[in-house]
Amino acid sequence: MSGTDGSTAGDPGAGVGGGTYTLLVELPTATTLSVGALGEHLFPAGAYAYTGSALGPGGFSRVRRHRRTAHSDHDVRHWHVDYLLGETTARIDRVVHAPGVDAECAVARRLPAGPVDGFGASDCGCSSHLSTAGTLDGLIERVVRAYDAEATAVTVDPEG
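Counting from 11, one number per residue, gives the positions in the sequence shown under the numbering used here.
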């Protein structure tokens, strides 16, 4: 199956261009984690949504990089989400992506609050780009509704 950007299911990074994406992450056990300049924070077990942009020259290849970090195939910690994905037992369950759209902040503002102020939001005025909820199913629905509210077509791909 192809996504709307011509990518193959499960790999939005395979297509041309970029847009906005949300990683749906499951953290099976609570952990305390140092998140770069944000310091040490408790991450309760549960579901997380990290919303980011992939509008630069690499486009959705950023999503591939996040997946490599989650699989311990990439050790560099550049973005806040790298600490969550690379230093814990977190796993990416799904990726929601909206090709050609700059809706990162609008989507992040429509989601529930996360455990760390400023997470993923060091280059904007948002309180955080990390959201949390008790279950993945409920959070996935909220993420899709957030994109819908922005009149943005999305593709939801399994981590696979």
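For every residue, glycine included, the Cβ atom is placed at its ideal position computed from N, Cα and C.
Inclusion of A64 and G96 in the CB contact set at 9 Å is not warranted, their separation being larger than that value. Separation of the CB atoms of R119 and I102 is rounded to 22 Å, and the pair is thereby denied contact status at 8 Å. Between Y60 and G130 a beta carbon distance of about 6 Å is seen, short of the 8 Å cut, so the two are scored as contacting. For H81, there is no enclosing beta strand (DSSP E), as DSSP marks it with neither H nor E. Using a 10 angstroms sphere on the CB of G124, the tally of other CB atoms reaches 16 or more, which defines it as buried.
Shown here, G110 sits in coil according to DSSP, grouped into three states, outside any helix or strand. Comparing alpha-carbon positions, the option among T165, L48, A47, A55 lying closest to H107 turns out to be T165. In this structure A113 does not touch T39 by the C-beta definition: roughly 32 Å separates them, more than the 8 Å allowed. As DSSP reads the structure, H51 sits in a beta bridge with L43.
For T32, the CB contacts under 6 Å within the same chain, skipping 5 residues up- and downstream, are A59, T61, V106, V153 in chain order.
S132 carries a coil assignment under DSSP once its states are collapsed to helix, strand and coil.
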